Each structure stands twice: as C-alpha cells, then as structure tokens.
Amino acid sequence: MCAPVPALPPPHVTPAPLHAFAPGVSASFAALPPRPVARDCRTTPRPAVAAPRGSSLLLHATPGGPVVRRLVTRTEFGSELRLPVVRRRGPWLGVLSSTLPDGHVGWVRQSRSVRIIRRVRVHVLVDRSRGRLVVLAAGRVVRRVPVGVGAAASPTPTGRFAITDKLDGSAFSAAAYGCCILALSGHQHDLPAGWRGGDRLAIHGGPAGASSAGCLHAAERDLRWLMRRLPTGTLVTIRA
Numbered sequence: 002m003c004a005p006v007p008a009l010p011p012p013h014v015t016p017a018p019l020h021a022f023a024p025g026v027s028a029s030f031a032a033l034p035p036r037p038v039a040r041d042c043r044t045t046p047r048p049a050v051a052a053p054r055g056s057s058l059l060l061h062a063t064p065g066g067p068v069v070r071r072l073v074t075r076t077e078f079g080s081e082l083r084l085p086v087v088r089r090r091g092p093w094l095g096v097l098s099s100t101l102p103d104g105h106v107g108w109v110r111q112s113r114s115v116r117i118i119r120r121v122r123v124h125v126l127v128d129r130s131r132g133r134l135v136v137l138a139a140g141r142v143v144r145r146v147p148v149g150v151g152a153a154a155s156p157t158p159t160g161r162f163a164i165t166d167k168l169d170g171s172a173f174s175a176a177a178y179g180c181c182i183l184a185l186s187g188h189q190h191d192l193p194a195g196w197r198g199g200d201r202l203a204i205h206g207g208p209a210g211a212s213s214a215g216c217l218h219a220a221e222r223d224l225r226w227l228m229r230r231l232p233t234g235t236l237v238t239i240r241a
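Quick note: to get my numbering, add 1 to the position in the sequence shown (first position is 1).
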C-alpha cells in the first residue's frame, strides 16, 4: 500500500506483508499494460460477489480460456475472499481481483465450487480532482467524504476497483495509516523514486490534499463509518 510497514500475520493464515506487491500474476496477464478506464466502465450486472465453497477458486483469462490463477479462500491479509461480479457471459462470471493488472477482468465458471452472494447496490465513487468520495446505496447518496489523494508525481490511479480487506491500522502502523485501512484491488503504477512501500492502493488515514503515493486519505470518523458500512467486495470507481 502507500507506506512501508512490517508484516503482521493475522490469525490462522500466513499472508504477505502489507507492503508486498501482488502475488505472481500469470504470464497471460503480466505482459499486458493497464487498460484505459473507458474500456472497463460497462454496466454492472445485479450486485453479487463470488466466493469459493471449497479450498480454492479458479480464475480464467477469458470465458473457457486458460486458468491464470488459483485463488485460495482468503486474501493475503487474511480476509475471506470476495470477488465482485462485474460481467456475465452465459455460465461465466467476470470478476475483479487484486492478482490481475488494473482494468482486467478474470472469469469464474459458475459451479458447485462457487458461492454467489447477492448484495444491495452499494457503490463508492471517488472524484480525484475534487478530493471527494461518495457512497451510494441503491442509487442514493448516503455519505460524502473529503479525501486526500496522490501527489502530482504519483496520482491516484483511476478505474474500477474493489475493497478486498478491512484492516486495523494500529496492527500495522497507526502513525502511517490511522485507525483503519480499506485495502483496494488496484495498484499504483507511478511510484515515487526510491519508494519501498509496495503498489497496492487503499483508503486509510493521512493528510488532506494531494500528498500521498497514490492512496486515498480520510478522517478517522469517516474511516470508521466506511469500515462499518462497506463490506469487502464493494466496488470503488475512481475518476479523474
């Protein structure tokens, strides 16, 4: 994410440290650059998230295409895996995953090994230029949050992402993150020179204005509200 921190394994799992880069992306995706935002801003189907019923979930490059990732039941930070469904093609579900390059969709085949969890339509919209985050529930604004964004040399990436984890900031570095961290599936591609904090995006505590390495900063009161109200798998769209 946007500051170097020590590794802290949550109970019963052995995750990568918070500042680790995404685990090995398959060669099918690794050579591909991030797609322009416009190509991935299609109408979202009925809100749902996919989760594994068994010990793993197979992620395909295309419907019926090669397997590019075998995902386990928990994220690298120990949360239960929840992949938001953003497309459908017959029995195939297009999902977002932090293991894929930004702007790319992985595909999961509906089967007994996949659990589909229906959701109310909750969506987070971020206006980077205005430093504003808005939470929508069933199309209605339920919360407006002022946010700090990336500095000019490391702007917050735009696109469609998902909340992958909700973490206790004090378990990592309260000084760097504040009370709470909402980890996102996206990655920062314009890291500052000499940066050692990894490339994962997140919403966490920090100063206002454009000063971060790419993460979004919010006040503690707003962070605690977001932690209570937004489940993992919630879509977050960041616009310029």
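C-beta atoms are modelled at their ideal positions from N, C-alpha and C, and glycine is treated no differently. Note that this is a predicted model, so its numbers are computed, not measured.
Neighbourhood of residue i by C-beta, 7 Å cutoff - its chain only, sequence neighbours within 5 removed
i, result
"Ala153", "Ala211"
"Ala214", "Cys3, Gly151, Ser155, Gln189, Leu192, Pro193, Trp196 and Gly198"
Same chain, Cβ closer than 8 Å to residue i, neighbours up to 5 away in sequence not counted
i, result
"Pro53", "Leu72, Val73, Thr74, Leu82, Ser114, Val115 and Arg116"
Per-residue DSSP class, three states only, for residue i
i, result
"Ala176", "helix"
"Gly215", "coil"
"Trp196", "coil"
"Thr233", "coil"
"Asp103", "coil"
"Asp223", "helix"
"Ser171", "helix"
Where residue i falls, given that 16 or more other Cβ within 10 Å makes a residue buried
i, result
"Ser155", "buried"
"Pro48", "buried"
"Ser130", "exposed"
"Ala138", "exposed"
"Glu77", "buried"
"Val50", "buried"
"Pro158", "buried"
"Arg70", "buried"
"Ser112", "exposed"
Straight-line gap, residue i to residue j (C-alpha atoms, nearest Å)
i, j, result
"Ala172", "Val109", "33 Å"
"Thr165", "His218", "17 Å"
"Arg122", "Gly140", "7 Å"
"Arg225", "Val87", "27 Å"
"Ala177", "Lys167", "16 Å"
"Thr233", "Gly55", "19 Å"
"Ile239", "Asp128", "6 Å"
"Pro67", "Trp93", "13 Å"
"Met303", "Cys181", "Past the boundaries of the shown model lies residue 303; the chain is included only from 2 to 241, so the question cannot be answered."
Beta-carbon separation (whole angstroms), residue i vs residue j, contact threshold 8 Å
i, j, result
"Val148", "Gly132", "6 Å"
"Val136", "Arg144", "4 Å"
"Leu60", "Gly107", "4 Å"
"Pro85", "Leu97", "5 Å"
"His124", "Leu236", "5 Å"
CB contact check: residue i to chain C, cutoff 8 Å
i, result
"Val115", "As a matter of chain content, chain C is missing from the structure shown, which is built from one protein chain."
Own chain residues within Cβ distance below 6 Å of residue i, not counting five before or after
i, result
"Val146", "Leu134, Ala219 and Asp223"
"Phe162", "Leu185, Ser186, Gly187 and Val237"
"Pro64", "Arg90, Trp93 and Trp108"
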